[in-house]
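As they're listed, the protein sequences go chains A and B. Start counting the first sequence at 300; every next residue gets the next number (the numbering used here). Start counting the second sequence at 93; every next residue gets the next number (the numbering used here). Here is the structure we will look at, set down as structure tokens.
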Amino acid sequence: MNLLQRLRNPVLVNEWKLRMRTRRSPWIITFYLLVLGGVTLTFIYLMTGGGGHYNPNRSRELFMVLSILQLAMICFVVPGLTAGVISGERERQTLSILLTTNISATKLIVGKWLASLSFMTFLVFATIPLYAIVFLYGGISPAQLLKVFGFYLITMLGLGSVGVLISTLIKRTGIATVLSYAVVFGYAAGTSILAEVIREFIRYQRRVYYSTGAPMPLWPDLLHSINPLFGMLGIFNEGPVQDLRRVISNRFSLVSVDPFWLYVLFLAFVTVVCLALAVYLIKPVRPRLRKAAGEE
Amino acid sequence: MIQINRLVKRYGKTEALKGLTLEIEKGTVFGFVGPNGAGKSTTMAILATLLEPTSGQAYVGGYEVTKQPREVRRLIGYMPDFFGVYDNLTAEEYLDFYGANYDIPAQERRQIIPQLLELVNLSHKRDAYVDSLSRGMKQRLGLARCLVHNPEVLILDEPASGLDPRARIELREILKELRDMGKTIIISSHILPELAEMCDVIGIIEEGSLVAFGRVDEIYAKMQEKRVLRIRLLDRVEEAMTRLREVPTVSGVTREGNWVVAGFTGNDEQQVELLRELAVAGLPVAAFNEAQGNLEEIFLEITKGVGS
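What follows is the structure, given as structure tokens:
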């Protein structure tokens, strides 16, 4: 079997076919573009006073608004798209049949994960003309544009893998969807709330013990850097994350860390862990790690 | 081909299988009979590598199902009692998807699928969406799906359940064809007379244990150790019943109009002697029959009271 055959994933191909045959898909694309297009074009209309003038700084703001709006849409859509991928198969009573075929658990999980996210990727890339319009007004570098799309991609992959794991763990799609939304929103809001609570707690401790001169630990800022909203703002050198680069440079003179890559690293880790767990859990007959180790 | 050794499966405190042991030879059509909850589906799910037994071993083609599931999956085609289909695929695409899952090259799939559709009499539905098919057709499509990788063993869990009589007959015909192709088939059903026609060997399972196992004729013979005699008299029915009650090999004498029904544990010669005695006594015997026990009766007899 050559490499191409090895990489071929029938589940992925089948999912694409099935997804694009439903009436729901064109409606989702239409609705998605209408919302984002409506907001963007209204903003442009207001910004330019009906087409009379424009300000590059306002264009940057518009780009940020559009990027954050799209990020919010991703956070909103991805759990819904992924939370039913395995539980849906189980409810439809097709999972047991799939598990008796030659397809490996890894191919099954990865196929389902990529198929659900490919639709989201399609949605995101369908909005490129909107970005092109905003990009025309200036105020944004090409590197920032690429980073924004990279940010979307890794966010989709990461949140999607959480959805797939929950879908593998929970048998009912309804419960899996609710739990996925809870986890995603818990992560989106929780990381920054936790960062601020920790920061305040440290400040309080220092006030009590009169040690206000000591530098603030890094990890409240690290928590901010893995938050989707602040991570995105960091690309535009806004929000608390931009301090992180400076603080790291000051403390470790040779190290220069772009918070964007911290975000990428964190979500890549989440993705690998969630998918590995999903692959392990979906196997009807699981290898016994302890026994296997004992045998060695 | 299939070997099951002291298989135990527990769900919490419930013991679904209690040390089940059986062996099925290659090319055998094995009928797995038992009431609901007896452990048939559990056994089949274990053989299909979908369930891990609590203890014991199961082998398919020499491969242990828990240790070599990939090898086992290549050998088996499994149809669960309830299964779903992808409604937005055509019958051909449905089979193609599963063929791809078995790593069958596209070119080969294009050759196999029309043959399979023909085997299950669905050639005319090749381009029809699966959701437009009747239950019987879906069941046949499911059977074609089991065969897409040409497995040696077919594990069919209640394939006839929910089908109308015509669909059952069609399914039975297809299974006969598969038997002729030399497949080893394990089939469970509540429709016992159907199994009698199709199966070489039958296993009756009750509360997780095998209570009867053997060739269909052997099980019939076992059942016939206790025959049921039906005797029709023109007159003097009560007198005949009194005489029959005096015979040590006769029990449970009852009256159904002009018929007397009684259990009989004697052999053929004793049966002839009984008829002769009745005739010598001058009783007007118009008919003397041995009631034909079918699998339904055998099943009820063997599992009598165990699961209730």
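Each residue gets a CB set at the ideal place from its N, CA and C atoms; glycine is no exception.
Scanning the segment 287-339 of chain B from its first residue to its last, the whole alpha helix (DSSP H) runs of 4-plus residues come out as 308-315 and 329-337. Collapsing the DSSP output to three states places B/Glu144 in coil. A/Leu458 sits close to A/Val483, with the two beta carbons spaced by under 8 Å. Straight across, the Cα-Cα distance linking B/Arg237 with A/Val376 is about 34 Å. Looking only at B/Leu139, B/Tyr170, B/Val353 and B/Leu143, the smallest Cα-Cα distance to B/Tyr155 is reached by B/Leu139. Scanning B/Arg324, B/Glu348, B/Leu246 and B/Thr346 for the CA closest to the CA of B/Leu370 turns up B/Arg324. A/Phe362 carries a helical assignment under DSSP once its states are collapsed to helix, strand and coil.
In the DSSP annotation of this structure, the continuous segment of the beta strand (DSSP E) that includes B/Ala379 starts and ends at Val377 to Glu382. Rounded to whole angstroms, the gap between the alpha carbons of B/Pro251 and B/Asp173 is 6 Å. 8 Å or more divides the Cβ of B/Phe175 from the Cβ of B/Gly254. The beta carbons of B/Leu109 and B/Thr135 sit about 6 Å from each other, so the pair counts as a contact at 8 Å.
Identification of chain B residues near A/Arg391 by a Cβ-Cβ cut-off of 7 Å yields Gly176, ordered along the chain. Interface annotation, B/Pro251: not in contact with chain A, CB-CB separation never under 8 Å. Positions of the alpha helix (DSSP H) runs, each at least 4 residues long and wholly inside the segment 128-192 of chain B, are given as 132-139 and 161-167 in order along the chain.
For B/Arg98, the enclosing beta strand (DSSP E) begins and ends at Ile94 to Tyr103. Taking a beta-carbon distance threshold of 8 Å, B/Asn242 does not count as an interface residue toward chain A. In the three-state scheme derived from DSSP, where H, G and I count as helix and E and B as strand, B/Lys110 is classed as strand. A/Leu311 has a beta carbon lying at 8 Å or more from every beta carbon in chain B. Among the residues of chain A, those whose CB is under 7 Å from the CB of B/Arg166 are Asn401, following chain order. For the pair A/Val312 and A/Ile385, the CB atoms are not nearer than the 8 Å cut-off. Under the 8 Å criterion on CB atoms, B/Ala192 is classed as interfacial with respect to chain A.
B/Ser343 is bridged by DSSP to B/Gly355. Burial state of B/Asp223 is exposed, judged by a 10 Å Cβ sphere holding fewer than 16 other Cβ atoms. Setting aside the 5 residues that flank it on each side, B/Leu181 is surrounded in the same chain by Val222, each with a C-beta closer than 6 Å to its C-beta; the list follows chain order. In this structure, B/Gly169 is the residue among B/Gly169, B/Asn128, B/Gly123 and B/Gly129 with its C-alpha nearest to the C-alpha of B/Leu142.
Using a Cβ-Cβ distance cut-off of 8 Å, the segment 353-366 of chain A and the segment 416-435 of chain A are in contact, since at least three pairs of beta carbons, one from each stretch, lie closer than that value. Within the segment 144-165 of chain B, contact with chain A at the beta-carbon level (separation under 8 Å) is assigned to Glu144, Val157, Thr158, Pro161, Arg162 and Arg165. For A/Leu416, the closest of A/Gln504, A/Ile453 and A/Ile439 by C-alpha to C-alpha distance is A/Ile453.
Per DSSP, B/Ile196 lies in no beta strand (DSSP E) segment and is marked neither H nor E. DSSP places B/Asp219 outside both helix and strand once states are collapsed to three, so it counts as coil. Taking the Cα positions, B/Ile297 is about 41 Å away from B/Pro197. Ranked by Cα distance from B/Arg165, the first of A/Thr400, A/Leu365 and A/Glu390 is A/Thr400. Under the Cβ criterion of 8 Å, B/Thr141 is counted among the residues facing chain A. Taking a cut-off of 8 Å for Cβ pairs, the segment 93-102 of chain B and the segment 115-125 of chain B touch, as three or more such pairs fall below it. Short of 8 Å from the beta carbon of A/Glu537, and not among the five residues preceding or following it, lie these beta carbons of its own chain, in chain order: Met363.
In the structure shown, the three-state DSSP call for A/Ile402 is coil.
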